[in-house]
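One structure below.
Residue numbers (full-length UniProt numbering): 1 to 416.
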């Protein structure tokens with residue numbers, strides 16, 4: 001984890017084994033666990049690789065993947081825009097200095113719209129609308145600025161049914177009604193700058209890429225239909241969801257091939273837009289946990305740790321796989337055991353990994369959980385009145401605490 005120059009030759013994925021075990025142990029000793037570690041230099045490397053593959057595209061970072069300040073600062077400095085899912089993300093993106101900020105309103109609460117419109121008085125904000133009555137809500141607030149129209153393309157993709165948004169009626173205006181919606185928005189005085197669609201999250205497999213290509217083709221056809229109505233679009237965004245391999249046996253996404261396929265399918269007379277999130281930050285982060293319990297059972301060795309579903313929700317929420325590595329100094333000398341790595345929450349779903357071959361653990365050992373830079377801390381909760389973890393941000397040879405550990409006293413700070 002020494003400082004390296006950002007080059008387009010950087011490896012397409014960082015595996016958990018590529019992290020220095022000794023350095024991670026030092027961070028765990030210094031700051032305690034559970035602890036997230038995010039490598040900002042790796043974020044820059046991922047951004048550089050993506051920009052090389054999509055040199056002409058409008059790239060907006062999906063802030064929901066990781067909204068911590070050092071991450072946002074690095075991506076803003078790379079010249080990307082910000083795609084935000086809430087008013088809070090809009091505020092954070094503006095504070096980080098993103099030149100282009102877009103709020104994608106999904107069933108937007110009134111307080112979100114109020115805050116975004118307020119922020120738009122000082123920052124240039126574009127709002128993506130996924131329902132016609134969102135236009136009514138904006139008109140009620142005397143806002144008639146730049147908008148994108150979110151389209152439901154009728155095709156979804158991704159690593160789990162809960163993230164395949166492209167065919168879910170919750171998201172966007174059905175594609176056969178989208179051109180009429182754009183005309184309506186234009187007639188009402190809104191500046192329709194673009195279209196937006198998103199197939200889903202974690203696109204990696206061949207069938208997912210085929211669905212992505214279909215989405216691009218459908219959005220291009222829709223843009224042509226809108227152009228025929230004399231409405232000029234600046235950008236057609238085909239979303240993100242570019243996947244990363246969570247298992248060490250999986251090959252990384254061939255982003256160059258993805259870019260070529262996207263350009264081949266994109267025929268609109270507008271700028272291509274993409275909205276990566278996970279791809280930029282997933283392999284830039286790890287989660288550190290301490291072994292608190294070792295319990296042999298007839299079925300497995302239960303390895304209890306101080307991180308669980310409140311720290312990293314993805315395994316419980318999506319049955320997601322995250323590689324787990326022992327950071328014990330002499331781990332290679334230990335015999336291996338089949339382990340179930342479980343957290344401290346009193347639910348059977350509070351498991352970070354099942355049937356993992358790990359060096360025989362002992363209480364006090366540290367474990368690292370890989371690919372935790374995306375949707376890790378962002379999904380952390382205080383369920384069971386458990387404080388959220390701290391975060392260390394690495395930048396070259398330096399590492400600083402960027403989010404302090406929440407305390408039990410913090411949990412009651414909003415109560416009266």
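Where a beta carbon is used, it is the ideal one built from N, C-alpha and C, also for glycine.
Owing to the predicted nature of the structure, the values given are computational and were not obtained by experimental measurement.
1) Any chance you could list the alpha helix (DSSP H) runs of at least 4 consecutive residues sitting entirely within the segment 256 to 324, in chain order?
2) With a Cβ-Cβ cutoff of 8 Å, do residue 391 and residue 68 count as a contact?
3) Report yes or no: do the segment 395 to 402 and the segment 266 to 284 share at least 3 C-beta pairs separated by less than 8 Å?
4) Could you check whether residue 87 and residue 112 sit closer than 8 Å to each other, using their CB atoms as the reference points?
5) Under 8 Å, with one C-beta from each stretch per pair, do the segment 251 to 265 and the segment 329 to 338 reach the 3-pair mark?
6) When you compare the CB positions of residue 193 and residue 234, do they come within less than 8 Å of one another, or not?
7) Terminal residues of the continuous beta strand (DSSP E) containing residue 84?
8) Are the segment 74 to 81 and the segment 47 to 55 touching by the rule of at least three beta carbon pairs closer than 8 Å?
9) Alpha carbon to alpha carbon, what distance is there between residue 254 and residue 19?
10) Look at the alpha carbon of residue 151 and the alpha carbon of residue 145, and state the distance between them as a whole number of angstroms.
11) Indicate whether residue 72 and residue 96 have their beta-carbon atoms separated by less than 8 Å.
12) Scan the segment 341 to 410 and note each continuous beta strand (DSSP E) run of 3 residues or more that stays entirely inside, going in chain order.
13) Using C-beta distances below 8 Å, list every residue in its chain close to residue 17, excluding the 5 sequence neighbours before and after it, in chain order.
14) Leaving aside the five residues before and after residue 295 along the sequence, list all residues of the same chain whose C-beta is less than 6 Å from its C-beta, in chain order.
15) In or out: residue 3 buried (at least 16 other Cβ within 10 Å) or exposed?
16) Is it buried or exposed for residue 382, if we count other Cβ within 10 angstroms and need 16 for buried?
17) Could you check if residue 189 is buried or exposed, using at least 16 other CB atoms within 10 Å of its CB as the buried criterion?
18) Residue 198 and residue 241: beta carbons closer than 8 Å?
19) Starting from residue 51, follow the alpha helix (DSSP H) in both directions and report where the run begins and ends.
20) If distances are taken between C-alpha atoms only, which option among 105, 309, 393 and 406 comes closest to residue 436?
From the atom records:
1) 278 to 281 and 314 to 318
2) Looking up residue 391 in the chain shown gives position 391. Looking up residue 68 in the chain shown gives position 68. Yes; because the gap between Cβ atoms is below 8 Å, this pair is in contact.
3) Verdict: no, contact absent.
4) If you number the chain shown from 1, residue 112 lands on position 112. If you number the chain shown from 1, residue 87 lands on position 87. Yes, the Cβ-Cβ distance between residue 112 and residue 87 is below 8 Å.
5) no
6) The sequence position of residue 193 within the chain shown is 193, counting from 1. The sequence position of residue 234 within the chain shown is 234, counting from 1. Cβ atoms of residue 193 and residue 234: closer than 8 Å.
7) Here residue 84 corresponds to residue number 84 of the chain shown, with the count starting at 1. Counting along the chain, the beta strand (DSSP E) containing residue 84 begins and ends at 81 to 84.
8) Counting Cβ pairs under 8 Å, three or more are found: they touch.
9) Position 19 of the chain shown, counting from 1, holds the residue named residue 19. Position 254 of the chain shown, counting from 1, holds the residue named residue 254. Taking the straight line from one Cα to the other gives about 22 Å.
10) Within the chain shown, residue 151 is the residue found at index 151, counting from 1. Within the chain shown, residue 145 is the residue found at index 145, counting from 1. One Cα belongs to residue 151, the other to residue 145, and the distance between them is close to 19 Å.
11) Locating residue 72 in the chain shown gives position 72, where the first residue counts as 1. Locating residue 96 in the chain shown gives position 96, where the first residue counts as 1. Yes, they are a contact pair.
12) 351 to 359, 366 to 369, 390 to 395 and 398 to 403
13) Mapped onto the chain shown, residue 17 falls at position 17. Result list for residue 17: 248 and 325, in chain order.
14) In the chain shown, counting from the first residue as 1, residue 295 sits at position 295. So the list reads 302, once near-sequence residues are dropped.
15) For the purposes of this step, residue 3 is identified with residue 3 of the chain shown, where counting begins at 1. Confidence in residue 3 is poor, its pLDDT being 39 and thus under 50, which makes the residue's placement unreliable; the coordinate value appears in the next sentence. Label assigned to residue 3: exposed.
16) Residue mapping note: residue 382 aligns to position 382 of the chain shown, counting from 1. With fewer than 16 other Cβ atoms within 10 Å, it is exposed.
17) By one-based count along the chain shown, residue 189 stands at place 189. Answer is exposed; the Cβ neighbour count stays below 16.
18) Here the question's residue 198 lines up with position 198 in the chain shown. Here the question's residue 241 lines up with position 241 in the chain shown. The answer is yes: Cβ separation under 8 Å.
19) For the purposes of this step, residue 51 is taken as the residue at position 51 of the chain shown. Residue 51 -> alpha helix (DSSP H) spans 40 to 53.
20) Residue coverage of the chain in this structure runs from 1 to 416, which leaves residue 436 outside it and unanswerable.
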